[in-house]
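Each residue of the sequence shown is one higher than the last, beginning at 1 in UniProt numbering. We put the CB at the ideal spot given by N, CA and C, even for glycine. Below: one structure, written as structure tokens.
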Amino acid sequence: MLWSRPRVWAPVNRLLLQSQRYHVSRTKSCQNPLLPVLPELSDPNFLDQLIPRPSTVKEHVLDTPAPSNPMMAALSQLPHRTLTENSAPAYDSTLSPTLDAFQRLTHFSWGDSVKDLLDGAWAEDPQLTLKIIWNLRSIHDGKSEKEAFYRAFGWLYDNHPRTAITNLHLLVEPVCGKGKSEQELTLSHGYWKDLLNILALETVGELSNISKRSRLLHCFPERKGKDRLGSENLDKHGIKVDLKPVVKAKRVAIGEANHALLEKKLQDPKFRALYIAVARLFADRLLSDWRLLLDSETASTADARKALLRNISLASKWAPSLLGMHDRHTNIATAISRLIYHAKDAFPTFRFPAALEKHPAPESAEATDILRSFYRRWLLSPLRAASSVTETLMSANRWKEISYSRVSAVCMKNNKDRFFEHDPDGFQKYLISVEKGHRSISGATLLPHELLGELYGASTSVISSAGAKYPELQKHRAELAGIKIRVLEAQWKTLLENLRASGTLDNSIAVCDVSGSMGSIDAYDSKCVEPIFPAVSLSILFAQLAKAPFDGGFITFSANPQFIQLDPRLSLVQMTKRMVSSEWGMNTDINAVFTKLLLPLAIRNKVKQEDMIKRVFVFSDMQFDETERAVRGDSDAGGWDTNYDVIEREFREAGYEVPEIVYWNLGAYGTVEVLKDRKGVALMSGFSPSMLKVFMGEEEAEAGEVEVEEAAVGGEVKAKVEKVKEEFNPLNVMKKALSRPSFDGLVVVD
């Protein structure tokens with residue numbers, strides 16, 4: 001029998017022959033950094049040239065009540081009746097497209113769902129829809145759903161490109177304030193990397209109309225099959241092949257494909273406008289920061305120098321590094337370096353490279369190399385050094401020079417174990433100072449479920465080294481887990497204090513769904529977060545934010561509701577374990593919380609109406625069980641009682657008003673309990689505690705102000721200000737959430 005290896009040799013020979021076509025330098029990247037001539041790049045009016053203003057812009061008239069009729073309103077509800085996963089009556093829409101978009105646009109929203117929601121919302125109210133899109137991204141005033149925002153922004157870019165590009169700057173400008181007054185605007189909705197992500201995603205076709213996570217942002221590795229070409233498979237057959245030429249050939253092919261795609265995209269005026277907008281935003285901010293840096297070098301005093309350096313932004317930290325992921329796909333660093341050179345007259349005392357005088361055309365290969373080198377050497381490196389960028393110090397192995405108080409929240413969460421590995425003494429001292437209150441730690445921008453999930457995982461991984469096969473290794477792992485717990489606990493406290501600055505939650509209590517559909521608390525996956533983690537973390541956070549005597553506890557429910565009392569002396573880990581030890585079941589009986597716990601308790605203790613809990617927050621995936629007293633007609637025109645209808649009826653029959661209920665949806669389902677104008681109810685969604693700010697501090701500003709004119713004696717007209725409280729309903733609560741000053745700068749232009 002003849003011995004042969006056709007399945008091995010064929011691909012090897014093919015790839016080796018293909019690799020011989022290329023000569024790849026070991027010292028140069030396969031990226032082609034050249035850009036075509038972009039005449040609009042240095043023109044401040046580039047947007048008008050590339051996307052001309054529409055001849056007519058449809059003006060949307062706000063607050064114009066549409067004609068209504070009770071019979072038609074009842075008929076319009078019929079097509080939207082649906083059932084939850086547990087057969088409870090519900091609705092699939094609030095009958096307000098903007099409210100549907102506000103409620104259902106989350107990290108679970110993809111493809112056609114995003115398009116349908118935003119199409120309907122824009123038709124109803126463009127300005128409100130624009131705020132809903134920005135609310136998705138806002139770290140401090142919204143849902144902090146970064147990738148969901150990218151998909152929503154992709155819809156905006158596809159359908160209203162002038163509006164999308166005009167408002168890009170509001171992602172990075174400081175428009176969000178701190179605390180109750182919010183007078184000092186120091187925070188932004190997003191960060192500078194958002195601009196690069198948006199541009200790169202649009203370049204590769206992953207910004208809009210996608211049905212799964214972006215490959216660009218998550219770099220999914222290719223799965224290796226049995227016949228996959230690889231050194232381990234070749235070794236099995238005793239074949240020794242140098243695959244370096246094959247790898248280099250592949251990199252060259254990828255670089256050529258990236259450049260060809262970019263050149264093709266830049267022929268589209270809409271993409272070119274987006275490209276130039278991102279480049280100009282970075283160039284303008286980098287030049288401004290560079291001016292501060294140069295001025296600091298000639299400052300007369302050390303205090304003056306520090307004051308100038310403190311004003312340097314984080315643009316240099318997130319600016320595209322040469323050969324980085326964003327630059328490889330977009331060559332955006334080339335465009336930024338051209339803009340910087342174009343502004344050379346603004347820096348007469350600084351000498352730009354004399355070699356550029358030999359290359360008057362900045363598009364040439366030689367000029368491009370010089371400009372990019374200048375951009376890295378004289379702007380990025382000095383600005384990053386002045387800003388003490390943590391990642392720069394880490395990559396240079398200068399761990400002991402890191403100022404831990406200046407490390408961002410996400411960087412601290414992701415690298416705490418590395419800080420301990422490389423600088424154990426310094427990091428330990430820093431944590432001790434934080435725990436004593438002498439130093440600060442970043443944590444306000446993190447989501448509570450991220451902290452809780454990692455914290456719970458770290459606490460369960462601590463195992464005694466006694467009897468271990470490698471006791472020293474186990475001891476080290478235990479020390480590392482202990483460090484992780486201390487960091488996460490400190491970051492939770494920072495998050496809590498940041499929210500407390502916005503006020504308190506008065507006369508309110510949280511209800512946490514711990515039923516089987518919410519997932520398992522024992523398995524946290526940051527890539528696929530189950531609703532149980534945000535439910536538990538938001539409930540604990542809520543209990544710590546609530547105003548006495550309503551603080552320190554919340555209600556869990558599945559089959560039988562329980563009140564969980566939190567001991568303030570316990571750590572977050574201990575609180576979580578206390579919760580886990582409570583009764584968890586498979587049912588989702590929300591009705592039991594109100595009609596089997598709260599209402600009977602009030603009747604038995606003869607609680608007065610004014611002493612009842614004013615507001616209940618329900619953190620759940622909203623897939624409630626059908627209640628026994630629900631009315632569900634056999635025909636479309638029959639009765640249709642949701643759980644809320646039953647709860648309201650039973651409270652009324654007992655002589656009580658039902659508490660205001662905030663239904664906070666943490667799941668991917670699209671059902672709602674009530675329609676848009678149902679009094680006493682609010683609809684929220686998402687994992688961010690920043691949305692709690694909508695309900696905080698209400699005791700200090702209970703009502704809005706409305707001017708009413710009155711005729712005084714002598715015919716003189718005076719203005720009288722009256723207090724008018726807005727009705728608590730889903731539509732008004734949404735508008736309140738979107739009325740924060742940080743959203744005021746958003747404009748619709750097409």
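query                                                                                                                                                                    : result
Consult DSSP for Ala703 and reduce its assignment to one of helix, strand or coil.                                                                                       : Per-residue confidence for Ala703 stands at a pLDDT of 47, beneath the threshold of 50, marking its modelled position as unreliable; the derived number appears in the next sentence. Three-state result, Ala703: coil.
Let me check one thing: in DSSP terms, what residues is Thr82 bridge-paired to?                                                                                          : Ala90
If you drop the 5 nearest sequence neighbours on each side, which residues of the same chain put their C-beta closer than 8 Å to that of Ser144?                         : Arg137, Ser138, Thr445, Leu447, Gly686, Phe687, Ser688, Ser690
Whole angstroms is fine: what's the gap from Asp112's alpha carbon to Gln565's?                                                                                          : 43 Å
List the DSSP bridge partners of Ser620.                                                                                                                                 : Asn665
Nearest by alpha-carbon distance to His479: which of Ala510, Leu75, Asp425 is it?                                                                                        : Per the sequence shown, residue 479 should be read as Glu rather than His. If we check each option's Cα against that of Glu479, Asp425 comes out closest.
Which first and last residues belong to the beta strand (DSSP E) in which Cys512 is found?                                                                               : 508-513
Give the straight-line distance between the Cα atoms of Ser296 and Ser93, rounded to the nearest whole angstrom.                                                         : 57 Å
Can you give me the start and stop residues for the beta strand (DSSP E) that Gln562 sits inside?                                                                        : 562-565
Are Leu47 and Ala335 close, meaning C-beta to C-beta below 8 Å?                                                                                                          : no
Going by CA-CA distance only, name the one from Thr84, Leu75, Gln77, Trp122 that's closest to Thr98.                                                                     : Trp122
Exposed or buried, which one is Cys512 when buried takes at least 16 other CB atoms within 10 Å?                                                                         : buried
Pull up the DSSP beta-bridge partners for Met684, would you.                                                                                                             : Trp664
From Gly482 to Ala409, what distance separates their C-alpha atoms?                                                                                                      : 19 Å
Would you kindly report the start and end of the unbroken beta strand (DSSP E) that includes Leu185?                                                                     : 185-187
May I have a chain-ordered list of the alpha helix (DSSP H) segments no shorter than 4 residues that lie completely inside the segment 347-427?                          : 365-374, 381-386, 390-395, 409-422
One question on the structure: do residue 797 and Pro549 come within less than 8 Å of each other, judged by their Cβ atoms?                                              : The displayed coordinates of the chain run from 1 to 750. Any statement about residue 797 would go beyond what the structure contains.
List the whole-angstrom C-beta distance separating Lys178 from Ala501, where the pair is believed to meet the contact cut-off of C-beta under 8 Å.                       : 6 Å
Kindly indicate the opening and closing residues of the alpha helix (DSSP H) around Thr494.                                                                              : 471-500
Answer with buried or exposed for Asp625, where buried requires no fewer than 16 other C-beta atoms within 10 angstroms of its C-beta.                                   : buried
Mind reading off the beta-carbon distance from Pro54 to Asp750? Whole number of angstroms is fine, and I expect it under 8 Å.                                            : 5 Å
In the DSSP assignment, find the beta strand (DSSP E) that holds Gly553 and state where it starts and stops.                                                             : 553-557
Would you call Leu201 buried or exposed, if buried means 16 or more other Cβ atoms sit within 10 Å of its Cβ?                                                            : buried
Going straight from the alpha carbon of Val37 to that of Arg338, what length do you get?                                                                                 : 11 Å
Return the CA-CA distance between Ala260 and Met518, expressed in angstroms with no decimal places.                                                                      : 46 Å
Identify every residue that forms a DSSP beta bridge with Cys30.                                                                                                         : In the DSSP output, where bridge partners are listed per residue, Cys30 has none listed.
Just the Cα atoms here: how many angstroms apart are Phe594 and Lys131?                                                                                                  : 34 Å
Pairs of beta-carbons, one from the segment 374-393 and one from the segment 313-321, closer than 8 Å: are there three or more?                                          : yes
For Asp744, count neighbouring C-beta atoms within 10 Å of its own C-beta (all shown protein chains included) and say buried if the count is 16 or more, exposed if not. : exposed
Give the secondary structure of Gly655 by DSSP, where H, G and I count as helix, E and B as strand, and everything else as coil.                                         : coil
Assuming Lys614 contacts Asn507 (C-beta within less than 8 Å), just tell me the rounded distance between them.                                                           : 4 Å
Per DSSP, Leu505 is paired with what?                                                                                                                                    : Ala546
Compute the beta-carbon to beta-carbon distance between Leu95 and Leu495, rounded to the nearest angstrom, for a pair I have assumed lies under 8 Å.                     : Actually they do not touch by this definition, with Cβ atoms about 36 Å apart.
Return the Cβ separation of Leu322 and Arg398 in integer angstroms, given the expectation that the two are a contact with Cβ distance under 8 Å.                         : That pair is no contact at about 21 Å.
Within 10 angstroms of the Cβ of Met72, are there 16 or more other Cβ atoms? Answer buried if so, exposed if not.                                                        : exposed
Grab the span of the alpha helix (DSSP H) containing Phe594 for me, first residue to last.                                                                               : Here Phe594 belongs to no alpha helix (DSSP H), and DSSP marks it neither H nor E.
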